[in-house]
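Trainee:
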Amino acid sequence: MKEEVLMATAIRISIANLGWEIACMRTGEIASIAVLSKRQLMVGERMWTALGGGAMLTTRGKEYFEDWFSAENFEVDEETGFYDMRFTAHEEALESIFKALEVPLSTELEIDPTQDIQHELLEERISATSLLSPADLAQARFIYSRTVRQAPLRTADTSRRSGSASTRRLFRIFQIVLPSDLYQQFLTHPHVTVLSEKELRTTLGGSSAGVTKQGDKIANNLFLG
27 MKEEVLMATA
37 IRISIANLGW
47 EIACMRTGEI
57 ASIAVLSKRQ
67 LMVGERMWTA
77 LGGGAMLTTR
87 GKEYFEDWFS
97 AENFEVDEET
107 GFYDMRFTAH
117 EEALESIFKA
127 LEVPLSTELE
137 IDPTQDIQHE
147 LLEERISATS
157 LLSPADLAQA
167 RFIYSRTVRQ
177 APLRTADTSR
187 RSGSASTRRL
197 FRIFQIVLPS
207 DLYQQFLTHP
217 HVTVLSEKEL
227 RTTLGGSSAG
237 VTKQGDKIAN
247 NLFLG
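For the sequence shown, the working numbering begins at 27 and goes up steadily by one.
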């Protein structure tokens, strides 16, 4: 009976570090940006998505959440061997876990939270250059801005390991700060768009995909928050 209760209250927790905003170093101007999804573009669909990806824990970080919050079923990043911040825990621990993960952790527990953002800025785009060159990236600064919660999804979670547990997602938002010339260059890249508040509202807090004024899809990892 105890096992059945625990299974009924199990939830999946997912933490991501995302680059929602770009800022001009000189003027302080800030724009809400999205990039074309390479994966969707390869199948002929235009979808705008956030830069970045899942946060990653060191072995010590994983052990910390296992010991303090009885977290389990961590996903391993096959390329790096580190642990994605995607795991299951009891629903009663959700608020405590979110509070612990609200800001980036120490390097002892968490891998550089801007790692995926930087990787995506440098990777080659389909039929276009990378968003930034290595020399450009060396001039960029990454500033933690805030943490937001994604609204529960309106459709079933199809994550390969989500099973029957519902998923709760926390996004840590970073600003990408660039010198004025790179700021303007970035905004005019063919795989970058600036999203208005009206467009961001169409994802309904991240509970579903949204739409731009041109009719392109907006991924649910972008919303007004």
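Idealized CB from N, CA, C, for every residue including glycine. Given the structure is predicted, the values throughout are model-derived calculations rather than measurements.
(1) Considering only their Cβ atoms, is the gap separating Gly232 from Leu248 smaller than 9 Å?
(2) Leaving out the 5 sequence neighbours to the left and right, which residues in its chain are closer than 7 Å to Val203 when beta-carbon positions are compared?
(3) Measure how close the beta-carbons of Leu250 and Leu226 come, nearest whole angstrom, since I'm counting them as under 8 Å.
(4) Short of 6 Å in beta carbon distance, which residues of its chain neighbour Ser63, apart from the five on each side in sequence? Order them along the chain.
(5) Check whether the region 153-163 and the region 105-125 touch, using three or more Cβ-Cβ pairs below 8 Å as the test.
(6) State the Cα-Cα distance for the pair Ala235 and Leu131, rounded to the nearest angstrom.
(7) By Cβ distance, which residues of its chain are closer than 8 Å to Lys243, with the 5 residues on each side in sequence left out?
(8) Out of Gln210, Gln144, Lys239, Ala97, state which residue places its alpha-carbon closest to the alpha-carbon of Lys224.
(9) Going by the CB atoms, is the gap between Ser40 and Arg194 shorter than 9 Å?
(10) Thinking Leu213 and Leu147 are a contact (beta carbons under 8 Å), I'd like their distance in whole angstroms, please.
(11) Just the Cα atoms here: how many angstroms apart are Val61 and Leu127?
(12) What are the residues that DSSP puts in a beta bridge with Ser40?
(13) Please state if the CB of Leu44 and the CB of Gly87 are separated by a distance shorter than 9 Å.
(14) In terms of residues, what are the limits of the alpha helix (DSSP H) holding Met73?
(15) Closest Cβ-Cβ distance between Tyr109 and chain B: below 9 Å?
(16) Looking at C-alpha atoms only, which residue of Ala115, Asp142, Ala161, Glu150 is the closest neighbour of Trp46?
(17) Per DSSP, what are the beta-bridge partners of Met68 in this structure?
(18) Can you name, in chain order, every residue of its own chain whose Cβ lies under 6 Å from the Cβ of Ile334, other than the five neighbours on each side?
(19) To the nearest angstrom, how far is the alpha carbon of Arg151 from that of Pro216?
(20) Which residue comes first and which comes last in the alpha helix (DSSP H) that contains Ile123?
(21) According to DSSP, is Ser171 helix, strand or coil?
(22) Smallest Cα separation from Phe200: which of Gln176, Gln211, Arg172?
(23) Going straight from the alpha carbon of Asp110 to that of Leu83, what length do you get?
Mentor: Let me spell this out:
(1) On the sequence shown, residue 248 is found 222 positions in, with the first residue counted as 1. On the sequence shown, residue 232 is found 206 positions in, with the first residue counted as 1. Cβ distance < 9 Å, so Leu248 and Gly232 count as in contact.
(2) As a first step, residue 203 is located in the sequence shown; it is residue number 177 there, counting from the start. Result list for Val203: Ala49, Met51, Ala166, Arg167, Ile169, in chain order.
(3) For the purposes of this step, residue 250 is taken as residue 224 along the sequence shown, with counting starting at 1. For the purposes of this step, residue 226 is taken as residue 200 along the sequence shown, with counting starting at 1. Going by Cβ atoms, the distance from Leu250 to Leu226 rounds to 4 Å, so yes, they are a contact pair.
(4) Mapped onto the sequence shown, residue 63 falls at position 37. Met73, Thr75.
(5) No, because fewer than three Cβ pairs between the region 153-163 and the region 105-125 fall closer than 8 Å, the two stretches do not touch.
(6) Within the sequence shown, residue 235 is the residue found at index 209, counting from 1. Within the sequence shown, residue 131 is the residue found at index 105, counting from 1. Approximately 30 Å between the Cα atoms of the pair.
(7) The residue given as residue 243 occupies position 217 in the sequence shown. Around Lys243: Gln66, Glu71, Arg72, Met73, Trp74, Ala235, Gly236, Val237.
(8) Indexing the sequence shown from 1 puts residue 224 at position 198. For the residues Gln210, Gln144, Lys239, Ala97, the minimum Cα distance to Lys224 belongs to Lys239.
(9) Taking the sequence shown and counting its residues from 1, one reaches residue 194 at position 168. Taking the sequence shown and counting its residues from 1, one reaches residue 40 at position 14. Their beta carbons are under 9 Å apart, which means Arg194 touches Ser40 by this criterion.
(10) For this step, residue 213 is matched to residue 187 along the sequence shown. For this step, residue 147 is matched to residue 121 along the sequence shown. About 14 Å; that fails the 8 Å criterion.
(11) For this step, residue 61 is matched to residue 35 along the sequence shown. For this step, residue 127 is matched to residue 101 along the sequence shown. Val61 and Leu127 have their C-alpha atoms roughly 26 Å apart.
(12) To locate residue 40, count along the sequence shown from 1; it is residue 14. Among the bridge pairs identified by DSSP, Ser40 is matched with Arg112, Arg195.
(13) Taking the sequence shown and counting its residues from 1, one reaches residue 87 at position 61. Taking the sequence shown and counting its residues from 1, one reaches residue 44 at position 18. Cβ atoms of Gly87 and Leu44: not closer than 9 Å.
(14) Counting from 1 along the sequence shown, the entry for residue 73 is found at position 47. Element bounds for Met73: not the alpha helix (DSSP H) but the beta strand (DSSP E), 73-75.
(15) In summary, chain B is missing from the structure at hand, where a single protein chain is found.
(16) One-based indexing of the sequence shown puts residue 46 at position 20. Trp46 has its Cα closest to that of Asp142, out of Ala115, Asp142, Ala161, Glu150.
(17) For the purposes of this step, residue 68 is identified with residue 42 of the sequence shown, where counting begins at 1. By DSSP's assignment, Met68 forms no beta bridge with any residue.
(18) Nothing about residue 334 can be reported from this structure: the residues present for the chain run from 27 to 251 only.
(19) Within the sequence shown, residue 151 is the residue found at index 125, counting from 1. Within the sequence shown, residue 216 is the residue found at index 190, counting from 1. Those two C-alpha atoms are separated by around 10 Å.
(20) If you number the sequence shown from 1, residue 123 lands on position 97. Its alpha helix (DSSP H) spans residues 120-126.
(21) For the purposes of this step, residue 171 is taken as residue 145 along the sequence shown, with counting starting at 1. Correct three-state label for Ser171: strand.
(22) What you label residue 200 is simply residue 174 of the sequence shown in a count that begins at 1. For Phe200, the nearest C-alpha among the options comes from Arg172.
(23) The residue you call residue 110 lines up with position 84 of the sequence shown. The residue you call residue 83 lines up with position 57 of the sequence shown. In this structure, the straight-line span from the alpha carbon of Asp110 to that of Leu83 is close to 6 Å.
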